[in-house]
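Accompanying notes for the structure given below.
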Amino acid sequence: MQKRKLGFTDMEITTIGFGAWAVGGGNWKWGWGSQDDAESVAAIQKGLDLGINWIDTAAAYGLGHSEEMVRKAIRGHRGQIYIATKCGLVWDDPSTGTVYNRLKGWSVRQEAENSLRRLGVDIIDLYQIHWPKPDADLEEGWTEIARLVKEGKIRYAGVSNFSLEQIKRAQKIHPVASLQPEYSLLERSVERELLKYCAEQQIGIIAYSPMASGLLTGKYTRETIESIASNDWRRNFSVHFREPMLTANLAFIEKLGQIASRFDRSLGELAVAWVLQRNEMTAAIVGARRPNQIEQIVPATDWQIPVDVIAEINVLLAEREAQFKA
Ligand SMILES: NC(=O)c1ccc[n+]([C@@H]2O[C@H](COP(=O)([O-])OP(=O)(O)OC[C@H]3O[C@@H](n4cnc5c(N)ncnc54)[C@H](OP(=O)(O)O)[C@@H]3O)[C@@H](O)[C@H]2O)c1
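Numbering (the numbering used here), first residue to last: 151 to 476.
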C-alpha cells in the first residue's frame, strides 16, 4: 500500500487509515445504529491484514467503546501500527449518551490516561484535539498535550476541525503535527486556505469522511435514507443526507458513479482516490463496519485518477456547487 510521511513527523502512514467512529456502536447520540462488536474487530483486522498501518479513533466514539474495539483488534500487531486518538469531547453520565466539549488541562490529562488504558498501549502515536471548543480553552488544552508529549505519553500532537487562526495559536505553544479536517467531493472548504498553509508548514493532513459518511459509496437512495435507523446520527444530523443538499448530491453521485464504472471501480474508490490526488493530503481516514467494506475501498490507494477525468469531475463539482451559491 502507498505510504506518505505525516508532515514533519517520522511516521510513514498508509494513504488509507482505518476510521473507527462507526465501530463505537449505536449507544450514544452520535452513534451509527446497532453494530456487532465481532464484526467491528474483524473489520479493523481486515484493514490491518490488507496493509493499513494506522487507526483513527476517539475517546468519544461510543463513549470509550471504539477505543476498546481497537485494543482487541490490535492485539499482537501493536509494533506495526500507529494509533491516533482524540480528546476534548467528554461525558459525565454515560446513560444519557451525550458528550460535551471540554479542554481544561486537568481534563485533557485525565482523558489521555483513560485512552492509554482503554487502548492498552504505553504511548499514543498521534493525540488530537477533536474540536477547538471552547475556543477560550484551546491554549490550555494544547499546553497540557505538549506536557504529555514531553512525558512520553504521546508521540505527536495534532488538531481536528481547527481554523487557520486556531492552528497558528497552537503552533506558538507546540508544533502541530497534523490537521484532521472533513474533506470529500461534497465538502471542500479546506481547499480555501488550509491545504496550502499546512503544506508550507509541514503539517500533515488526514481527511475525514472521504466518502461523506457512506453517501459517496452510491448505495444510498432517497428511500434507503428514509429507512436509516433512528439511532444513526446520519438520519438526524448529516447535512449531506438531507435537503437542501440531498437532491443535488444524489444527481451528482449518479454521474460520478458512471465515471467510476468506466474504470471498473466502485464509487467509494473514486471518492477516496479523488481525495488522495491532492499532493497536500497525507491520507484519507476511511470508516468501515464490516471486513468487506474496507476490502472494497483499499484498492483506491493505488489508483491515480487520469488528469482528463479529474477535469471532467471538476465540471460536475462546479455544476453542483453553483446550486448552493447565494
Ligand atoms: N475529527 C472529526 O471530527 C471526525 C468526524 C468524522 C469522522 N472522523 C474520522 O474519519 C473516519 C471516517 O469518516 P466517516 O466514518 O464519517 O465516513 P466515511 O469513511 O466517509 O464513510 C464510512 C461509512 O461508509 C459506509 N461504507 C464504508 N465502506 C463501504 C463500502 N465498501 N460499501 C458501502 N458502504 C461503505 C459505512 O457505513 P454504512 O454501511 O452504515 O453506510 C461506513 O461506516 C471516522 O471513522 C473517524 O475516525 C473524524
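Built from N, CA and C at the ideal position, the CB exists for glycine as well.
Asked, Found
"Stretch pair the segment 445-453 + the segment 196-210: three plus CB contacts closer than 8 Å", "yes"
"Proximity test, residue 367 beta-carbon vs ligand 1 heavy atom, cut-off 7 Å", "yes"
"Local conformation of residue 164 per DSSP, three classes", "strand"
"Contact shell at 6 Å, judged by CB to any heavy atom of ligand 1, ordered along the chain", "169, 170, 171, 172, 182, 206, 280, 310, 311, 330, 358, 359, 360, 361, 362, 363, 364, 367, 369, 418, 435, 436, 437, 438, 439, 443, 446 and 447"
"Length of the line joining the Cα atoms of residue 395 and residue 229", "43 Å"
"Within 8 Å, strictly: CB atoms of residue 209 and residue 265", "yes"
"Length of the line joining the Cα atoms of residue 361 and residue 334", "6 Å"
"Expected contact under 8 Å - CB spacing of residue 329 and residue 348 to nearest Å", "5 Å"
"Same chain, Cβ closer than 7 Å to residue 314, five either side skipped, listed in chain order", "343, 344 and 347"
"Secondary structure of residue 251, DSSP reduced to three states", "strand"
"Spatial neighbours of residue 477 in its chain, beta-carbon cut-off 6 Å, leaving aside the 5 residues before and after", "Residue 477 cannot be examined here, being either before or after the span of the chain that is shown, 151 to 476."
"Alpha-carbon spacing of residue 427 relative to residue 243, whole angstroms", "43 Å"
"Selection from 469, 473, 419 and 206 that minimises the alpha carbon distance to residue 454", "419"
"Pair within 8 Å by beta-carbon distance, residue 358 and residue 181", "no"
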